[in-house]
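Undergrad:
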Amino acid sequence: MPIGGAHRAISIDEIRLVSLNSNTLIDPECCVFKVHHLLRETNAMAYEPCLLAIGPYHHGKDHCSYMDKHKLRFLQQMLKNRKETSPERYITAMKAKEERARRFYADEFPKLSSDEFVAMLLLDGCFIIELFRSFRDRIFQECQFYPISQFDGNEPIFQTNWMINGIMRDLLLFENQLPFFILSELFEMSDSCNQQYDYAQCESTTFANKSEKNQTLLGNRSRKSSKHVIDFDQKHEITDDESSVSKDVSERVSTRLLDYALGFFYGMAELSCKLNVSGSSCVSNANIEHLLGLIHKAMSPSHKEGSPHENEETQDLKDLVGPNENEDWQSIPFATDLQEVGVEFEKAKKFRDILFSTPEEWKLIPNVIELQEAGVKFKKAETGNLFHIKFNNGVMEIPPMNIGDSTESIFRNLIAYEQYGQDVNLKYVLDFVILMDYLIDTPKDVELLRRNGIINNWMGGDEVVSNMFNKFTLNATTTGDFYYADIIKEVKKHCDRRWNVWKAKLKHDYFSSPWALLSVLAAILLLLLAIAQTVFSIVSYVFK
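My numbering numbers the first residue of the sequence shown as 857 and each following residue consecutively.
#1: For A900, does the count of other Cβ atoms within 10 angstroms reach 16, so buried, or fall short, so exposed?
#2: D961 by DSSP, collapsed to three states: which one?
#3: What did DSSP end up calling S1100 once you bin it into helix, strand or coil?
#4: Chain C beta carbons: is any one of them nearer than 8 angstroms to that of D869?
#5: In angstroms, rounded to a whole number, what distance separates the CA positions of I1296 and F1325?
#6: For W1314, collect the residues of the same chain with a Cβ closer than 8 angstroms to its Cβ; drop the 5 residues on either side in sequence, then sort them by chain order.
#7: Relative to the C-alpha of G1231, which residue among M1252, L1242, K1246 is closest?
#8: Leaving out five residues before and five after A902 in sequence, what residues of the same chain have Cβ atoms less than 6 angstroms from its Cβ?
#9: Quick check on R989: buried or exposed, where buried means 16 or more other Cβ atoms within 10 Å of its Cβ?
#10: Where A1386 and R1307 are concerned, what is the direct C-alpha to C-alpha distance, given to the nearest angstrom?
#11: Distance, Cα to Cα, C906 vs M1019?
#12: Whole angstroms are fine: how far does the CA of L1220 sit from the CA of N1050?
#13: According to the neighbour-count rule (16 or more other Cβ atoms, all chains shown, within 10 Å of its Cβ), is S1046 buried or exposed?
#14: Have a look at P966, K953, N1021 and flag the residue whose alpha-carbon is nearest the alpha-carbon of V974.
#15: Which partner residues does K1236 have in the DSSP bridge list?
#16: Give the straight-line distance between the Cα atoms of I1144 and E1303, rounded to the nearest whole angstrom.
#17: Rounded to whole angstroms, what is the Cα-Cα separation between R1353 and K1327?
#18: On the DSSP letters alone, give me the boundaries of the alpha helix (DSSP H) that F1288 sits inside.
#19: Does the beta-carbon of D963 have 16 or more other beta-carbons within 10 angstroms, so that it is buried, or is it exposed?
#20: Taking C-alpha atoms, which residue in L987, E955, G1022 lies nearest to F1037?
#21: Give me the Cα-Cα distance between L1377 and L1384, rounded to the nearest whole angstrom.
#22: Taking a contact to mean a Cβ-Cβ separation below 8 angstroms, would you say K1233 touches I1310 in this structure?
#23: Note the first and the last residue of the continuous beta strand (DSSP E) segment covering N1312.
#24: What separation, rounded to the nearest whole angstrom, lies between the Cα atoms of D971 and A909?
#25: In three-state DSSP terms, what is I910?
#26: Let me know if G916 comes out buried or exposed under the rule of 16 or more other beta-carbons within 10 Å of its beta-carbon.
#27: Report the residue from F930, N1032, T1016 whose alpha carbon sits nearest the alpha carbon of E986.
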């Protein structure tokens, strides 16, 4: 009998069929799930599309039906640009990908027929591809790479900020994803190389006038200039020069899709300080599941920067004991080898702590105000990567972050992606919000970070921001390999030093407010007057 009118108990006959039915197994390609209720209960709307439904989970929702006409219009636009009169070629390609695309999702969606599922793949995929292209064309036109006649400046999606912002937000919902191989297929099928502008020139200078930090958005890769007009649909004999250009262009198709996507989301205010905008040089097409996964990888710390919790000593020890993360760690090096990397055997506990830190070691550090009272200074970091936080000599450097209306939704869906991901050691976003949760307890903590240029608060009051960070980690599963473990250790060492403890207590008890300061000064003045009176009394008594 259905429970609560929605779910049905599994029957004994279904249990008997388990051994015969391979569909009960989770496919290795499955990477999009329905966000479980424990994550949703804090803010369920953060996982729901407000404007645009992509994929089967939110397909057909009434409040998203407004965008259906734009999906059809973008399909028509794609056919027009390719000078095609029928979408049959794309329908056939999507039918061939349907079975694999269904395995992409944890649920089976039996109510979606084959034709409906294929239509969804085609319309949603074409909408995303043409949206990225239209956005890039808009930027190209603004930079005067080609005449205005080649770009429709009246595109309605770009005429209203609320619409483009809502689309950006909805495209980064965990449940609102389309397989990236579908996007790649449609992009390659609809890509036209007979452009009248040079991709190499455009890709190296598109955002040069926008911001100095944007100059690497399209990648720093050395690319050849296409001097020939090539149409892959035309059957003609290709010369050697044309062959080399053709190969270069085909290799650029998927990388340009990555660049288009990153360029589109780089315009999102809440992500402008976070994306590793080196384009396809930082990610490869092969390991991208969907757009949210692409953004997560683009936000991930650069390998060149290194992990903040792996200082030189830690890295030396780990390289010595396990040079490869897949190697067996059971073998122990000789004592002389350990000594060369700084192991002191009279302090063997130090070696153990570095290699096998426990979650208890990085819990419960003071908040921003308390750290400031202990002498910690907060500084806006120069790096644009959100996760690259440093702590040296009592100074904590935190990259700037924009807090806007979509921030909570973006962070929550990135955390959901990490929770369902196979690599449990790559929870950068969750570890970051855990650290920020430790640092931010009250609106005063947010205010201090805001005054130091670390937080740009576009949501109004500081209390809204503090409440947001305090609720991020509810019902999220953490791992023992905390990304900021060494930073936490260094902060705790700083706070445990006796002088810093005394200084913090002095500030908290006597200098926490102007009135407390005045009372301290008054007490000191009274003490000095009492001392002076005593001295005068003694002097007058002696000379008397």
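Glycine residues also receive a C-beta, built at the ideal position from the N, C-alpha and C atoms.
TA: So, to answer that:
#1: With fewer than 16 other Cβ atoms within 10 Å, it is exposed.
#2: What sits at residue 961 in the sequence shown is Tyr, not Asp. It is a strand residue.
#3: Note on S1100: pLDDT 45, under 50, position unreliable in the model; the coordinate value appears next. The answer is helix: DSSP assigns S1100 an H, G or I state.
#4: The structure shown contains no chain C; it is built from a single protein chain.
#5: Those two C-alpha atoms are separated by around 7 angstroms.
#6: Excluding residues within five positions, the ones whose Cβ falls inside 8 angstroms are A1125, N1258, I1259, G1260, D1261.
#7: For G1231, the nearest C-alpha among the options comes from M1252.
#8: Annotation for A902: E1264, S1265, R1268 place their beta carbon closer than 6 angstroms to its own, counting only its chain and skipping 5 residues before and after.
#9: Classification of R989: buried, given that the 10 Å Cβ count is 16 or more.
#10: Cα-Cα distance, rounded: 41 angstroms.
#11: Cα to Cα, C906 sits roughly 10 angstroms from M1019.
#12: Low local confidence applies: a pLDDT of 40 at N1050 is under 50, so the model's placement there is unreliable, and no value is given.
#13: Under this definition S1046 is a buried residue.
#14: Relative to V974, the option among P966, K953, N1021 whose CA is nearest is K953.
#15: DSSP output for K1236 lists I1254 as bridge partner(s).
#16: Each residue's alpha carbon lies about 38 angstroms from the other.
#17: Each residue's alpha carbon lies about 31 angstroms from the other.
#18: Taken as a continuous stretch (DSSP letters only), the alpha helix (DSSP H) holding F1288 covers 1284-1295.
#19: With fewer than 16 other Cβ atoms from the protein chains shown falling within 10 Å of its own Cβ, D963 counts as exposed.
#20: Among L987, E955, G1022, the Cα nearest to that of F1037 belongs to E955.
#21: In this model, L1377 and L1384 are separated by some 10 angstroms (Cα to Cα).
#22: I1310 sits away from K1233, with the two beta carbons spaced by 8 angstroms or more.
#23: Per DSSP, the unbroken beta strand (DSSP E) holding N1312 starts and ends at 1311-1313.
#24: Spanning the two alpha carbons is a distance of roughly 18 angstroms.
#25: It is coil, neither helix nor strand.
#26: With a 10 Å radius around the Cβ and a threshold of 16 neighbouring Cβ atoms, G916 comes out exposed.
#27: The shortest C-alpha separation from E986 is found at F930.
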